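Here the sequence shown is numbered in the working numbering, starting from 354 and rising by one per residue.
Glycine included, each C-beta is placed from N, C-alpha and C at the ideal position.
Note that the coordinates shown come from a computational prediction; the quantities given were computed from them, not determined experimentally.
What follows is a single structure, written as structure tokens, with notes after it.
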Amino acid sequence: MDDIEKAERDYTARNIEVLSELEGVRKRPGMYIGSTNLSGLHHLVWEIVDNAVDEAVNGYGKKITVTMMKDGSISVEDEGRGIPVDIHPEAKIPAVQLIYTTLHSGGKFNSKVYQVSGGLHGVGATVTNALSEFCEVTIYRDGKIYHISFHNGGELYQPLEVIGVSSKHGTCVHFKPDPAIFPNTKFSWDTIYNRLEEKSYLLTGVHFILKDQKTGNSHDFYTEHGLREYVQSLTQNKTPIGETIDFVDKTNPIIVEIAMQWCSQDYNENILSYANDVKTGDGGTHETGFKASLTKTLNDWAQQNELIRPNQTIDGSDIREGLTAVVSVKIPEEKLEYEGQTKGKLGTPEATSVVSNAVQNFFTYYLNEHKDFALELIKKCQASKEARDAARKAKEAARGTKKKAVDYVISDKLASAQSKDYKNNELFIVEGDSAGGSAKTGRDRLHQAVLPLRGKPLNTDSVTMERIVSNTEFSTLIQTIGAGVGQDFDVNESRYGKIIIMTDAD
354 MDDIEKAERD
364 YTARNIEVLS
374 ELEGVRKRPG
384 MYIGSTNLSG
394 LHHLVWEIVD
404 NAVDEAVNGY
414 GKKITVTMMK
424 DGSISVEDEG
434 RGIPVDIHPE
444 AKIPAVQLIY
454 TTLHSGGKFN
464 SKVYQVSGGL
474 HGVGATVTNA
484 LSEFCEVTIY
494 RDGKIYHISF
504 HNGGELYQPL
514 EVIGVSSKHG
524 TCVHFKPDPA
534 IFPNTKFSWD
544 TIYNRLEEKS
554 YLLTGVHFIL
564 KDQKTGNSHD
574 FYTEHGLREY
584 VQSLTQNKTP
594 IGETIDFVDK
604 TNPIIVEIAM
614 QWCSQDYNEN
624 ILSYANDVKT
634 GDGGTHETGF
644 KASLTKTLND
654 WAQQNELIRP
664 NQTIDGSDIR
674 EGLTAVVSVK
684 IPEEKLEYEG
694 QTKGKLGTPE
704 ATSVVSNAVQ
714 NFFTYYLNEH
724 KDFALELIKK
734 CQASKEARDA
744 ARKAKEAARG
754 TKKKAVDYVI
764 SDKLASAQSK
774 DYKNNELFIV
784 EGDSAGGSAK
794 TGRDRLHQAV
804 LPLRGKPLNT
814 DSVTMERIVS
824 NTEFSTLIQT
834 IGAGVGQDFD
844 VNESRYGKII
854 IMTDAD
């Protein structure tokens with residue numbers, strides 16, 4: 354009997370391992386928090402912060418406080434309604450205990466309780482508890498203070514009890530990551546600082562307070578103009594084209610809020626997207642709708658105003674060059690879909706068309722009302738296209754589209770070094786054949802090569818890349834050195850360890 358047959362015979366019911374929900378989380382934490390590195394460690398905090406944000410975004414509370422404790426633990430306190438403490442009719446345990454020990458439990462599946470929520474999967478509190486050395490939950494509601502605690506990865510330690518009276522309302526979650534799960538359990542001030550600052554832009558009118566008991570540092574994040582301020586903070590050191598553009602569309606159940614700013618001398622796109630105040634780092638349907646509509650709207654406007662030919666289009670990448678934008682959608686619970694437990698990508702199909710229509714309606718109106726800006730933007734797009742075309746032609750030249758002509762020039766002019774030890778080889782660039790003859794005579798043939806150039810080279814500061822690579826002398830240089838050009842340049846591919854320029858200073 355071979356090993357495969359034996360394995361098939363021995364595979365019985367005894368091999369099926371049944372884990373409790375919390376054991377399952379501890380055995381495969383990556384399925385729920387992505388990894389057990391620092392990103393996964395901080396994901397525990399984000400889950401609890403997002404729960405607090407869900408309360409605030411639905412109108413309950415104006416302050417969320419995150420405190421980094423001296424012992425390495427952390428607490429998150431909100432001013433929400435307080436997690437329910439009554440006995441669940443089916444589970445027969447307090448609701449708070451159910452929420453912290455059972456996956457896919459919680460009030461966020463009920464649209465009457467939460468109109469908008471980032472925590473669709475209902476796993477956040479449970480996962481944080483399961484991956485913690487201890488987790489304590491203090492609840493302020495109905496004039497009382499309730500307390501329940503867990504330890505050793507979610508085991509009930511102290512059952513729910515009333516420990517006092519208070520007029521406060523809200524929830525405080527205090528936990529410490531389990532070192533048996535996380536190689537590094539030290540929270541980063543900077544990481545949490547950046548996340549809370551980001552949240553403050555998404556949720557105007559709410560104070561996000563960060564405290565560190567070890568250092569005594571504290572910071573209160575608060576904004577009144579939301580995404581507009583967010584984009585302005587991201588572009589503060591850049592040269593803007595026009596003003597920061599922002600709008601909110603509430604004509605559909607899916608609410609769309611967008612802010613954007615184009616900048617000159619900026620050749621990258623920076624688009625950040627969020628769904629129910631949760632960052633969707635991998636994009637999704639809302640980001641797809643935004644990009645597609647931005648491209649279509651600007652092209653339609655340009656054609657209608659006869660700025661481009663009817664059969665001509667401006668490429669989306671050229672439009673987004675130099676653009677910084679934040680796209681945020683608020684989606685009702687029954688429509689919310691994410692791809693993956695960590696909610697990195699929005700999957701709600703309807704978001705594409707809703708965002709697309711919102712962008713088209715607003716941006717068309719904006720372009721009509723700000724024609725000087727529109728003309729400047731289209732001019733920038735055309736410059737981007739020209740640069741992209743020139744870069745493509747430069748790549749083609751560098752990769753040998755003119756190889757035969759250049760090879761002839763090189764073989765006719767270049768006095769090569771005999772050694773294949775490129776790091777120790779030297780290239781002398783001289784001006785004219787007469788200087789080249791003298792240099793060739795006095796060189797070390799083993800490691801020194803001589804390349805004579807004819808006439809004065811182009812002033813590359815004032816011409817396009819296309820003209821540079823079409824110039825015979827520069828094409829010769831590019832091919833001789835062998836390291837490529839532009840974004841394809843790689844110094845490690847150079848055929849010479851040293852390049853010595855022996856021409857006149859002009």
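Whole-number beta carbon distance between residue j and residue i, since they are thought to touch under 8 Å
i      : j      : result
Gly642 : Val601 : About 16 Å; that fails the 8 Å criterion.
Thr479 : Thr455 : 6 Å
Ile607 : Val398 : Ile607 to Val398, Cβ: 28 Å. No contact.
Thr677 : Leu804 : At roughly 44 Å, the Cβ-Cβ gap does not stay under 8 Å, so Thr677 and Leu804 are not in contact.
Gly595 : Ala744 : About 26 Å separates the two Cβ atoms, so there is no contact after all.
For residue j and residue i, the rounded distance between their alpha carbons
i      : j      : result
Leu484 : Gly675 : 42 Å
Thr576 : Asn547 : 14 Å
Leu799 : Arg807 : 25 Å
Phe716 : Ala740 : 26 Å
Pro663 : Asp653 : 9 Å
Asn537 : Asn390 : 7 Å
Ala405 : Glu432 : 8 Å
Ile401 : Pro447 : 19 Å
Lys461 : Glu686 : Residue confidence is low: Lys461 scores 47 on pLDDT, short of 50, so the model does not pin down where it sits. Its coordinate-derived value is still stated next. Going from the Cα of Lys461 to the Cα of Glu686 covers about 7 Å.
Val759 : Lys766 : Note that Val759 has pLDDT 45, beneath the 50 cutoff, so the model's placement of it is unreliable and no number is given.
Gly669 : Asn621 : 13 Å
Thr638 : His396 : 23 Å
Met855 : Asp742 : 33 Å
Ser737 : Lys724 : 20 Å
Glu486 : Glu722 : 58 Å
Gly850 : Gly795 : 20 Å
Phe726 : Asn590 : 20 Å
Glu443 : Leu451 : 10 Å
Ser571 : Ile562 : 7 Å
Val371 : Gly393 : Confidence is the limiting factor: at Val371 the pLDDT is only 38, short of 50, which leaves the residue's position unreliable, though a coordinate-based value still follows. Whole-angstrom Cα-Cα distance: 25 Å.
Ser519 : Asp407 : 23 Å
Ser388 : Lys683 : 27 Å
His714 : Gly496 : This sequence places Asn at residue 714; His is not what is there. Distance between the alpha carbons of Asn714 and Gly496 is about 49 Å.
Tyr453 : Glu703 : 32 Å
Cβ pair residue i, residue j closer than 8 Å
i      : j      : result
Glu489 : His522 : no
Thr833 : Leu780 : yes
Leu689 : Asn629 : yes
Tyr627 : Leu555 : yes
Leu375 : Gly477 : no
Asn778 : Ala768 : no
Ile492 : Thr524 : yes
Lys567 : Thr420 : no
Thr592 : Ser617 : yes
Phe535 : Ser553 : no
Val449 : Val438 : yes
Lys696 : Val631 : yes
His504 : Lys415 : no
Asp619 : Lys698 : no
Val887 : Leu625 : This structure gives no information on residue 887, because the portion of the chain shown stretches from 354 to 859.
Gly435 : Arg381 : no
Thr557 : His578 : yes
Neighbourhood of residue i by C-beta distance below 7 Å, restricted to the same chain and skipping five residues each side
i      : result
Ile672 : Leu647, Thr648, Leu651 and Cys734
Thr597 : Arg581, Val584, Gln585, Ala612 and Gln614
Gly425 : Lys529, Thr538 and Lys539
Ala836 : Phe842, Asp843, Val844, Glu846 and Ser847
Lys423 : Gln566 and Lys567
Tyr761 : A caution first: Tyr761 carries a pLDDT of 45, below 50, which makes its placement in the model too unreliable to give a value.
Other residues of its chain near residue i: CB distance less than 6 Å, five sequence neighbours each side excluded
i      : result
Ser502 : Glu489, Tyr510 and Gln511
Ile852 : Leu780
Ile821 : Thr813 and Phe827
Val378 : Tyr385, Val480 and Ala483
Ile417 : Ala405, Asp431 and Phe561
Ile661 : Ala655
Bridge-paired residues (DSSP) for residue i
i      : result
Pro447 : Ile440
Asn623 : Thr677
Leu394 : Paired residues: none, contrary to the question.
Trp615 : Ile594 and Leu676
Ile427 : Met421 and Phe528
Glu300 : In the structure as shown, the chain starts at 354 and stops at 859, and residue 300 therefore has no counterpart that could be examined.
Gly517 : Ile498
Val803 : Ala768 and Phe781
Ile562 : Thr418 and Asp573
Below-8 Å beta-carbon distance, residue i vs any chain D residue
i      : result
Asp843 : Looking at the structure shown, chain D is missing, and only one protein chain is on hand.
Cβ-based neighbour list, residue i, same chain, cut-off 8 Å, excluding 5 preceding and 5 following
i      : result
Val692 : Inspection of the sequence shows that residue 692 is occupied by Glu rather than by Val. Asp635, Gly637, Lys698, Leu699 and Gly700.
Glu514 : Tyr499, His500 and Ile501
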